[in-house]
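Residue numbers (the UniProt record's numbering): 299 to 592.
Ideal Cβ placement from N, Cα and C applies to all residues, glycine included.
Since the structure is predicted, the reported quantities are computational estimates derived from the model, not experimental observations.
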Ligand code: CAA
Ligand code: NAD
């Protein structure tokens, strides 16, 4: 990591103010982690309810840190105050890096990022936390694609160490170095990867999750599969993991990666994720997915 830091420190832009678009599972986690590690962050969403969720999750995490003696109440209050929930782009011209974490939908990302470009400075680096969409495809409507980079965090953001930094064809070295620098500042382990559907981790994880969906389509009991994978030594089984990720997001990711590598992934006869999205069983985010949450 020291080597990585030295390699990118020269060209990385100084980072005083961060911002995230989307206060959901990922945007909220990124905002919290950024603030905890000392970079204040603006957190924009289109839904007041989501801003409240993002803020209350951060408050809950901070309370745990205080209870565990890792943070003083005074410091926790300062961290929470450095996350600014908002429905508009106020002060986005102060942001050095903005991380987009809105829904995994190309049309929505195009609209949101085009709008964002008008609200930030010309030198602001814009990063997308997309799980699967190619950075070059997301960059199509952008006026400054050189400032655009992928920054793929993992869920739950506060504890997952890895962040994939994705360099698109037009992404500048400065944008890559700044994203690596922000990842390091957040205490993460960044890796720089090439642009393709699913990047590195989701190209491995998605075939695993798809094999699980195939087993379910064949009649397997998902609880038994989860128990087996836990006994095998993984921290959680695939059904529980889909609940953590969110069925809507998971379903988009599977579709994008299956389409990107169609010759390697035959279509599924029955898709449990789609069925669950149709039945509004989104996972932990709304209290019901494969499992029920109180
Ligand atoms: N938010 C914040 N902190 C959390 C947390 C959460 N959601 N869940 C656990 N933690 C913290 C706990 O507070 C605890 O911290 P302390 O040691 O300071 O008390 C620590 O993590 C360990 O927690 P636990 O002992 O309760 O739980 P665990 O041993 O099961 O570890 C885990 C938790 C690391 C999340 C583990 O369950 C795990 O690795 N799960 C797999 C997660 C995974 O695969 N994520 C990737 C999803 S796919 C993705 O992100 C990509 C995509 O594009 C869709
Ligand atoms: P989520 O559904 O929890 O949150 C998405 C948020 O975006 C919501 O709060 C929604 O109100 C907001 N939003 C929608 N349109 C918006 C707009 N125009 N402006 C501002 N906010 C808007 O989703 P998530 O799980 O946090 O996923 C967000 C992104 O992160 C997706 O691209 C997803 O693929 C990626 N990702 C997800 C995971 C995961 O495990 N869930 C992991 C890594 C990456």
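Residues that DSSP places opposite residue 381 in a beta bridge: As DSSP reads the structure, residue 381 sits in a beta bridge with 339.
Status (buried if at least 16 other CB within 10 Å, exposed otherwise) for residue 312: It is exposed - the Cβ of residue 312 has fewer than 16 other Cβ atoms within 10 Å.
Euclidean distance between Cα positions of residue 356 and residue 458: So the alpha carbons of these two residues sit roughly 16 Å apart.
Reduced DSSP secondary structure (H/G/I, E/B, other) of residue 449: Residue 449: strand per DSSP, three-state reduction.
Beta-bridge partners of residue 426, as assigned by DSSP: Bridge partners of residue 426: 398, 448.
Between the CA atoms of residue 492 and residue 431 - distance to the nearest angstrom: C-alpha of residue 431 to C-alpha of residue 492: approximately 12 Å in a straight line.
Residue 547 CB to nearest heavy atom of the ligand NAD below 7 Å: Checking every heavy atom of the ligand NAD against the Cβ of residue 547, one is found closer than 7 Å.
Proximity to residue 318 [Cα-Cα], best of 305, 393, 561, 365: Residue 318 has its Cα closest to that of 393, out of 305, 393, 561, 365.
Those runs of the beta strand (DSSP E) which lie wholly inside the stretch 550–591 and span at least 3 residues: DSSP runs (the beta strand (DSSP E)) wholly in the stretch 550–591: none.
Beta-carbon proximity list for residue 525, same chain, < 8 Å, skipping 5 on both sides: Closer than 8 Å at the Cβ level, and outside the excluded window around residue 525, lie 535.
Whole-number beta carbon distance between residue 449 and residue 426, since they are thought to touch under 8 Å: That pair is a contact at about 7 Å.
At least three beta-carbon pairs within less than 8 Å, the stretch 492–508 to the stretch 550–565: Between the stretch 492–508 and the stretch 550–565 there are three or more inter-stretch CB-CB distances shorter than 8 Å, so the stretches are counted as touching.
Span separating the alpha-carbon of residue 503 from that of residue 532: Residue 503 and residue 532: Cα-Cα distance of roughly 13 Å.
Whole-angstrom distance between residue 340 and residue 307, CA atom to CA atom: If I take the Cα positions, the gap works out to 24 Å.
Near the ligand CAA: residue 242 beta-carbon under 7 Å from a heavy atom: Not covered by the structure: residue 242. The range shown for the chain is 299 to 592.
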